[in-house]
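Trainee: UniProt numbering puts the sequence shown at residues 1 to 526. By construction, the Cβ of each residue, glycine as well, lies at the ideal position given by its N, Cα and C atoms. Quick one: the structure is below, and I'll ask about it shortly.
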Amino acid sequence: MASSARAGRADRDGPHSSLSFEPLTPTAFLDRAAAVHADRLAVVDGALRLTYHQFHDRCLRLAGALADLGVRPGDRVAVLAPNTHLMLEAHFGVLYGGAVLVTLNTRLSADELRYILDHAGCRVLLHDPDLAGFAATIVRALPGVRLVDGGADYERLLAAAPPRRVPVTDERALMALNYTSGTTGRPKGVMYHHRGAYLQSLAMVAHFGLRADTVHLWTLPMFHCNGWCFTWAVTAAGGTHVCLPRVVPDRVWELIRDERVTMLCAAPTVLVSLAEADAAGAVGGRQVTVAVGGAPPSPSLLRRCATLGFDVTHLYGLTETFGPAAICDWRPEWDDRPAAEQAALRARQGVANVVSCELRVLDADGHDVPADGETVGEVAIRGNNVMLGYYRDEAATREAGPDGWFRTGDLGVRHPDGYLQLRDRAKDVIISGGENISSIEVEAVLCSHPAVLEAAVVAVPDERWGERPVAFVTLRPGAPADPDALRAHVRAHLAAFKVPDRIEFGDLPKTASGKVRKVELRATAR
């Protein structure tokens, strides 16, 4: 009996006790790429071209340079740069040094960025050479922040620094801070962990079939959710990063053709600009994979993209979920559906990605709504790709996940096939005379008019009805349309009470990630 008990313990504990498991961290992807793809092209940034061996060495030396500047594990290092090699290298070098990465939105004001640097407690600010004056203005009242110019100074620091690597001992440790866009109130610091970034990256590899011959064009800001983790995902596949500091549609099309780009990510507003560009055209019989998130793309936009060789997949997620939490996976049995129906299916938000837990749609009591495609509830998410919480804001963290499920603030329905479809942000639903009006639904109908390029619908107070919808519309160049014609178009497709009372024309204000700033539109409409 004693012998049997010892054998049982050995089976359970003995053979396994000597094995060790490395904590998950996304820097492991660059280590592998440097070993497996050392001579392959890793980074294209204008005239600069780096192999994976060179890219790896520079990132390790960045960790060494930060240590020489006094950065210790756990310190916060901020980066103010567009999509350049500096921003990409920081995604690995800062982590190799054991520090916490804070990527900054280049479109924010100096006051907004000063608040973020102070709130995060940043020690160093790496900045693009073209933003030197702006960076100096930001830190003027923050004497504890050290500036590092990303040009010649940066190169001298790398050349003089020894390679450095601080081991990751806890995969759930704070790895990065991503500040929400702050369209209402002060931005909140969303805390990312190594495990989430690693697994989210693998999810992107899996869903988009990334390989060593992937050529990824950076049309999505890397500072936005760390580029939806494609900064690490493309590296995991051994693909090529093509940096693009500024999205100029004709330049995008030039790079697509010259660099033989196979994939890009974008908000629908960016996709609209590409579809309407003078240089737009089919890409030589091949397809470019396009991941779209930030807002539901209209069916009319999806139909246009199909003619250009863009294979569009709609994603849904938030800063709090490391970017895409849901993927509108395409089913082969839908290939024979009519084009209009296919476009409508593609515009849905989809199903949980491979590292997300099940997406739920909950009623006010926290119960799942029926999967009938009609009953609206709040989208809730739990899984490996959910934040640790909000930095230095325990109350907001508790409110966001009262029962362990992160409440997104988005309202949606669950279709019988399990696919999620958003109806609106909770704050964007228009309640008129007791009836709910989905701004997304009205926007989609407006965008189906041939003269409309983009549209946004917001609520304005109304003495009789409580709220009424007002639309802001950007017309296609040379395509005139008057408000009455557009209102008639909406009335032909939707109930009369959903027709906007007013339609105003002009460009739509947007965040750096391409989302329409509806707060500004509401203020304008009042």
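Just to confirm my understanding: we take P370, look at its own chain, exclude 5 residues before and 5 after, and list those with CB closer than 8 angstroms. What are they?
Mentor: R414
Trainee: Starting from M263, trace the beta strand (DSSP E) in both directions and tell me its first and last residue.
Mentor: M263 to A266
Trainee: Under the assumption that A322 contacts M263 (Cβ atoms under 8 angstroms), give the Cβ distance between them as a whole number of angstroms.
Mentor: Looking at the sequence provided, one finds Phe at residue 322 rather than Ala. At roughly 18 angstroms, the Cβ-Cβ gap does not stay under 8 angstroms, so F322 and M263 are not in contact.
Trainee: Closest to V36 by CA distance: which of V100, D410, G238 and A306 is it?
Mentor: It is G238 whose Cα lies nearest to the Cα of V36.
Trainee: Do you know whose CA, among V445, E454, P500 and L48, lies nearest P461's CA?
Mentor: P500
Trainee: Alpha carbon to alpha carbon, how far is C225 from V272?
Mentor: Cα to Cα, C225 sits roughly 22 angstroms from V272.
Trainee: Over what stretch of residues does the alpha helix (DSSP H) that includes A161 continue unbroken?
Mentor: Careful: A161 lies outside any alpha helix (DSSP H) and carries neither H nor E.
Trainee: Name the DSSP beta bridge partners of Y390, please?
Mentor: V190
Trainee: Measure the C-alpha to C-alpha separation of A38 and L475 and round it to an integer number of angstroms.
Mentor: For A38 and L475, the distance between alpha carbons rounds to 48 angstroms.
Trainee: What three-state label does DSSP hand N178 in the structure shown?
Mentor: strand
Trainee: What did DSSP end up calling H85 once you bin it into helix, strand or coil?
Mentor: helix
Trainee: Less than 8 angstroms between the CB atoms is what I'm expecting for E254 and V242, so what's the real figure, rounded?
Mentor: Going by Cβ atoms, the distance from E254 to V242 rounds to 11 angstroms, so no, they are not a contact pair.
Trainee: Could you tell me if T184 is buried or exposed, where buried requires 16 or more neighbouring beta carbons within 10 angstroms of its beta carbon?
Mentor: Per-residue confidence for T184 stands at a pLDDT of 44, beneath the threshold of 50, marking its modelled position as unreliable; the derived number appears in the next sentence. Answer is exposed; the Cβ neighbour count stays below 16.
Trainee: Measuring CB to CB, does H91 end up less than 8 angstroms from L101?
Mentor: Yes. Within cutoff.
Trainee: Under a three-way DSSP split, which group does A364 fall into?
Mentor: It is coil, neither helix nor strand.
Trainee: Report the CB separation of P297 from A347 in whole angstroms; it is logged as a contact under 8 angstroms.
Mentor: In this structure P297 touches A347 by the C-beta definition: roughly 6 angstroms separates them, less than 8 angstroms.
Trainee: Assign E520 to one of three DSSP states: helix, strand, or coil.
Mentor: helix
Trainee: To which residues does DSSP link K510 through a beta bridge?
Mentor: V516
Trainee: Taking A396 as the reference, give the member of I381, E320, C305 and S438 with the closest Cα.
Mentor: E320
Trainee: Ignoring anything shorter than 4 residues or poking outside the segment 104-133, list the alpha helix (DSSP H) runs there in chain order.
Mentor: 110-120
Trainee: For a test of the three-state rule: what should DSSP assign to P324, helix, strand or coil?
Mentor: strand
Trainee: Please classify P500: does DSSP put it in a helix, a strand, or coil?
Mentor: In this structure, DSSP gives P500 a state outside helix and strand, which the three-state scheme calls coil.
Trainee: Nearest-angstrom Cα distance between R517 and P509?
Mentor: Looking at the backbone, the Cα of R517 and that of P509 are separated by about 6 angstroms.
Trainee: Consult DSSP for A233 and reduce its assignment to one of helix, strand or coil.
Mentor: Helix, per DSSP.
Trainee: From residue 582 to W232, what distance separates their C-alpha atoms?
Mentor: Outside the shown range of the chain (1 to 526) lies residue 582, about which nothing can therefore be said.
Trainee: Whose C-alpha, out of T307, P338, D336 and Q349, is nearest the C-alpha of Y316?
Mentor: Q349
Trainee: Just tell me which of I430, A455, P477 and G196 has its CA closest to the CA of P469.
Mentor: I430
Trainee: Give me the Cα-Cα distance between G14 and P167, rounded to the nearest whole angstrom.
Mentor: Confidence at G14 is low in this model, with a pLDDT of 49, below 50, so the placement of that residue is unreliable and no value is reported for it.
Trainee: Just list the residues that DSSP pairs A352 with in beta bridges.
Mentor: A326
Trainee: Which residues in the same chain as W405 place their Cβ atom closer than 6 angstroms to its Cβ, once the five residues preceding and following it in sequence are excluded?
Mentor: A380 and R382
Trainee: Rounded to a whole number of angstroms, what is the C-alpha to C-alpha distance between Q287 and D311?
Mentor: 6 angstroms
Trainee: Let me check one thing: in DSSP terms, what residues is V79 bridge-paired to?
Mentor: T103 and L126
Trainee: Report the option in P23, G121 and I503 whose CA atom is closest to the CA atom of V452.
Mentor: I503
Trainee: With burial defined as no fewer than 16 other Cβ atoms inside 10 Å of the residue's Cβ, what is the status of H367: buried or exposed?
Mentor: A residue is called buried when at least 16 other Cβ atoms come within 10 angstroms of its Cβ; H367 does not meet this threshold and is exposed.
Trainee: I'd like the list of long-range same chain contacts for G182, defined as Cβ closer than 7 angstroms, with 5 residues on each side in sequence excluded.
Mentor: Since pLDDT at G182 reaches only 47, below the 50 mark, its modelled position is unreliable, and no value is offered.
Trainee: Return the CA-CA distance between A81 and L244, expressed in angstroms with no decimal places.
Mentor: 11 angstroms
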